[in-house]
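Asks: A single structure is presented below for examination.
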Ligand SMILES: [Zn+2]
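Numbering (the numbering used here), first residue to last: 2 to 481.
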C-alpha cells in the first residue's frame, strides 16, 4: 500500500515537473507560429519548386534565385553572389543588435532523381535528386526568418535577422568561403536545422573531414605491343587504393576513408598515362583527421614511386566538426516540447511503411515523438557538415526535424520521395516554427544570448579557427 501511495506521489510529482517545464508561450512566439502556419502553402510551393529543380553544388541557379526572390518580395535586403559564389546570398532585415543568423541549404545530389512515390521510380533517369532534403532546409529557414522579420517590422523585436543562402553543402562546402569572407563576423547567434528521421535538438558534433584529389601521370604505350615503354598511371591508382585499404586495419574506429575514382584510363589497349581519384578522410576531430590525411598523402607518394609515375595532390576543401552549443539547444528543446510531436495521417504512415518495405527497414512508420536532449558524445557516428565551420565563428543552435521514416537510407531515392510530399512538408513547417520560436527567445533574452556566447567561448578555448580551404576563389568552375 505504501508502495502504491509512494508511486502515485512520484507520478504526480513527475507530471507536475513536466507541467512546470512546459514553457509559457508569449505573444511573439504565438505570432511566429501563426506567421509560419499562414505561409505554409506558399512555403510548400517553394520547396516543391526547388525539389523539382534538383540542382547540384554550385549549379543551384534556379533554386538560389527562387529563395532570394522570395526574400526580396518579403522586404529583405538581398545580396546575391556573395563570397565569390554566384548562388550564395544573404537576405537581411532590420538594423542594429542583436544580429541573429539562420542557415538555408538548397543543393541536390547527383543521380538520385525520384518521383514522390514510395518505391524506386526516377523522375528523370540519371538526374539529381534531393536525397538530403535540402529543398525543405532552405525554405523552412527562410520561413522562420520571414516570421521574425514581421516582428521587427511591427516593432515587437529589435535587431537584425539575416538569412544565409548557403550553396554546395554536398560537395565543396560553400559555407567555407562565406565564413572566409567574414559574412558571419557580426552575428551573435546562428540557427540551423536539418531534415532527419527524428525530431530533436542536434547536439552531436559530426565528423571533421578533408577532400583532396590525387592525380598520377605516366607514359602511354600500346598495352600489348610495347608495354615496356609505358608507365601506368592506373597501376599507381590501384597501388594507392590498396595502400589505403591495408592502412584501414591500423586506424581508429572513428576514422572513415572514402574514395571516388574519377579517371582510371580510357581504353583497355592503352597503358593509361593519367589517373585521378577524389579522396576523403574523416574523423571525429580535426587532429585525428589531419594525422590520417598526412599518411594517406604518403601512400600516394609511395604508389607513384612503385609505378614510376609522377603524382600531384590538390586540396579541395575540408570542414571542422561542429562546436555544439547545449545552452542554445536547451532553449530550442523547450520550444519543441511546447510544439509537441508532428502528427501524421494514416496515409502518410502507409507511405512511410512502404518506403521501409522497399528499403528493407523495419516497418515502424514515422517517428513522431520529440526526442530528449542527448548527451554530446566525444566520438559520434554520422556525417559531416560545413555548418561545423560556421559553428567555430558564431555560436550555432541546431535542430533535426522528421522529414522521412526511421531506418530510411539517407542520400537515397527514398529521402527524395519524402522530401517532395506531405511528410517532408510537415517537417519543414514544424522546423520553421521551432526555429523562429527559438529566435524569439534569442531576441528577447539578453541573458540567454550571453550564456550561449559563454559556452561557445569555453568550448572553443584558445583554438584559432582557420578554414581548410586552398587560397584563391571558390571552385565554382570545377563544378561545371
Ligand atoms: Zn544535408
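Glycine is no exception: its CB is placed at the ideal position from the N, C-alpha and C atoms.
Taking 7 angstroms as the line, does the beta carbon of residue 133 fall inside it for any heavy atom of ligand 1?
Replies: The residue given as residue 133 occupies position 132 in the chain shown. Yes - ligand 1 has a heavy atom lying nearer than 7 angstroms to the Cβ of residue 133.
Asks: DSSP three-state label for residue 196, please.
Replies: Within the chain shown, residue 196 is the residue found at index 195, counting from 1. The answer is strand: DSSP assigns residue 196 an E or B state.
Asks: Considering only their Cβ atoms, is the gap separating residue 105 from residue 167 smaller than 8 angstroms?
Replies: Here residue 167 refers to the residue found at position 166 when the chain shown is read from its first residue. Here residue 105 refers to the residue found at position 104 when the chain shown is read from its first residue. Result yes, Cβ atoms of residue 167 and residue 105 sit closer than 8 angstroms.
Asks: Should residue 183 be labelled buried (16 or more other beta-carbon atoms within 10 Å of its own) or exposed?
Replies: One-based indexing of the chain shown puts residue 183 at position 182. Residue 183 should be labelled exposed.
Asks: Helix, strand or coil for residue 52, going by three-state DSSP, please let me know.
Replies: For the purposes of this step, residue 52 is identified with residue 51 of the chain shown, where counting begins at 1. Three-state DSSP puts residue 52 in a helix.
Asks: Roughly how many whole angstroms lie between the Cα atoms of residue 207 and residue 223?
Replies: Against the chain shown, residue 207 aligns to sequence position 206. Against the chain shown, residue 223 aligns to sequence position 222. Whole-angstrom Cα-Cα distance: 48 angstroms.
Asks: Just reading off the alpha helix (DSSP H) that residue 106 is part of, what are its end residues?
Replies: Taking the first residue of the chain shown as position 1, residue 106 is located at position 105. Here residue 106 belongs to no alpha helix (DSSP H), and DSSP marks it neither H nor E.
Asks: By how many angstroms is the C-alpha of residue 350 removed from the C-alpha of residue 475?
Replies: Here the question's residue 475 lines up with position 474 in the chain shown. Here the question's residue 350 lines up with position 349 in the chain shown. One C-alpha to the other measures close to 43 angstroms.
Asks: So does residue 61 have its beta carbon nearer than 7 angstroms to some heavy atom of ligand 1?
Replies: On the chain shown, position 60 is the one that residue 61 refers to. Residue 61 Cβ: outside cutoff for every heavy atom of ligand 1.
Asks: Does the distance from the CB of residue 200 to the CB of residue 371 come in under 8 angstroms?
Replies: In the chain shown, the residue the question calls residue 200 occupies position 199. In the chain shown, the residue the question calls residue 371 occupies position 370. A contact, by the Cβ cut-off of 8 angstroms.
Asks: Looking at the secondary structure, which residues open and close the beta strand (DSSP E) in which residue 263 lies?
Replies: Residue mapping note: residue 263 aligns to position 262 of the chain shown, counting from 1. From DSSP, the beta strand (DSSP E) with residue 263 extends over 257 to 264.
Asks: At a cut-off of 7 angstroms, would you count residue 261 as near ligand 1, judging by its Cβ distance to the nearest heavy atom?
Replies: Against the chain shown, residue 261 aligns to sequence position 260. Incorrect: residue 261 has no Cβ contact closer than 7 angstroms to ligand 1.
Asks: Do residue 321 and ligand 1 come close, with the Cβ less than 7 angstroms from some heavy atom?
Replies: Taking the chain shown and counting its residues from 1, one reaches residue 321 at position 320. No, Cβ of residue 321 sits at least 7 angstroms from all heavy atoms of ligand 1.
Asks: Rounding to the nearest angstrom, what Cα-Cα distance links residue 1 and residue 464 in this structure?
Replies: As shown, the chain starts at 2 and ends at 481. That puts residue 1 outside it, with no answer to give.
Asks: Tell me the DSSP secondary structure of residue 9 in three-state form.
Replies: Position 8 of the chain shown, counted from the start, is the residue given in the question as residue 9. Here residue 9 scores only 44 on pLDDT, less than 50, and its place in the model is too uncertain to base an answer on.
Asks: Quick check: does the Cβ of residue 170 come within less than 7 angstroms of any heavy atom belonging to ligand 1?
Replies: Taking the first residue of the chain shown as position 1, residue 170 is located at position 169. It does: the Cβ of residue 170 is within 7 angstroms (strictly closer) of some heavy atom of ligand 1.
Asks: If you check the beta carbons only, do residue 44 and residue 374 fall under 8 angstroms apart?
Replies: As a working note, residue 44 is residue 43 in the chain shown. As a working note, residue 374 is residue 373 in the chain shown. Against a cut-off of 8 angstroms, the Cβ pair of residue 374 and residue 44 comes out as no contact.
Asks: In angstroms with no decimal places, state the Cα-to-Cα distance between residue 33 and residue 149.
Replies: Here residue 33 is taken as the residue at index 32 of the chain shown, counted from 1. Here residue 149 is taken as the residue at index 148 of the chain shown, counted from 1. Straight-line Cα distance between these residues: approximately 7 angstroms.
Asks: I'd like the ranges of any beta strand (DSSP E) spanning at least 3 consecutive residues and lying wholly in the region 251 to 322.
Replies: Entirely contained in the region 251 to 322, the beta strand (DSSP E) runs reaching 3 residues are, in chain order, 257 to 264, 275 to 284, 311 to 320.
Asks: Could you name the residues of the same chain whose beta carbon sits closer than 8 angstroms to that of residue 462, not counting the 5 residues immediately before and after it, in chain order?
Replies: The sequence position of residue 462 within the chain shown is 461, counting from 1. Here the set comprises nothing.
Asks: When the Cβ atoms of the region 94 to 113 are set against those of the region 131 to 147, are three or more pairs found closer than 8 angstroms?
Replies: Yes, since at least three Cβ pairs between the region 94 to 113 and the region 131 to 147 fall closer than 8 angstroms, the two stretches touch.
Asks: Does the distance from the C-beta atom of residue 117 to that of residue 435 stay below 8 angstroms?
Replies: Within the chain shown, residue 117 is the residue found at index 116, counting from 1. Within the chain shown, residue 435 is the residue found at index 434, counting from 1. The answer is no: Cβ separation not under 8 angstroms.
Asks: Given this structure, state the Cα-to-Cα distance separating residue 447 from residue 335, to the nearest angstrom.
Replies: Within the chain shown, numbered from 1, the residue matching residue 447 stands at position 446. Within the chain shown, numbered from 1, the residue matching residue 335 stands at position 334. Rounded to the nearest angstrom, the two C-alpha atoms are 17 angstroms apart.
Asks: Measure the C-alpha to C-alpha separation of residue 402 and residue 396 and round it to an integer number of angstroms.
Replies: Here residue 402 refers to the residue found at position 401 when the chain shown is read from its first residue. Here residue 396 refers to the residue found at position 395 when the chain shown is read from its first residue. C-alpha separation (whole angstroms): 20 angstroms.
Asks: Taking residue 37 as the reference, give the member of 142, 346, 383 with the closest Cα.
Replies: Your numbering for residue 37 matches position 36 in the chain shown. Closest option to residue 37, Cα to Cα, is 142.
Asks: Could you give the DSSP three-state label for residue 148: helix, strand or coil?
Replies: As a working mapping, residue 148 is identified with position 147 in the chain shown. Of the three classes helix, strand and coil, the one that applies to residue 148 here is helix, per DSSP.
Asks: Taking the alpha-carbon positions, what's the residue 477 to residue 86 distance?
Replies: Along the chain shown, read from residue 1 onward, the residue named residue 477 stands at position 476. Along the chain shown, read from residue 1 onward, the residue named residue 86 stands at position 85. Roughly 7 angstroms separates the two Cα atoms.
Asks: Please classify residue 136 as buried or exposed, where buried requires at least 16 other C-beta atoms within 10 Å of its C-beta.
Replies: On the chain shown, residue 136 is found 135 positions in, with the first residue counted as 1. Buried, by the Cβ-count rule.
Asks: What is the residue span of the beta strand (DSSP E) that residue 78 lies within?
Replies: Working through the chain shown from its first residue, we reach residue 78 at position 77. Note, residue 78: beta strand (DSSP E), 78 to 81.
Asks: Distance, Cα to Cα, residue 355 vs residue 127?
Replies: Residue mapping note: residue 355 aligns to position 354 of the chain shown, counting from 1. Residue mapping note: residue 127 aligns to position 126 of the chain shown, counting from 1. Spanning the two alpha carbons is a distance of roughly 23 angstroms.
Asks: What residue range is occupied by the uninterrupted beta strand (DSSP E) comprising residue 212?
Replies: Here the question's residue 212 lines up with position 211 in the chain shown. Residues 209 to 218.
Asks: In angstroms with no decimal places, state the Cα-to-Cα distance between residue 267 and residue 247.
Replies: Here residue 267 refers to the residue found at position 266 of the chain shown. Here residue 247 refers to the residue found at position 246 of the chain shown. Cα to Cα, the separation comes out at about 27 angstroms.
Asks: Which of the three DSSP states, helix, strand or coil, is assigned to residue 412?
Replies: Taking the chain shown and counting its residues from 1, the one referred to as residue 412 is at position 411. Reduced to three states, the DSSP call for residue 412 is coil.
Asks: Do residue 221 and residue 312 have their CB atoms nearer than 8 angstroms?
Replies: Your numbering for residue 221 matches position 220 in the chain shown. Your numbering for residue 312 matches position 311 in the chain shown. For residue 221 and residue 312, no; Cβs fall outside 8 angstroms.
Asks: Please classify residue 385 as buried or exposed, where buried requires at least 16 other C-beta atoms within 10 Å of its C-beta.
Replies: Against the chain shown, residue 385 aligns to sequence position 384. Buried is the call here.
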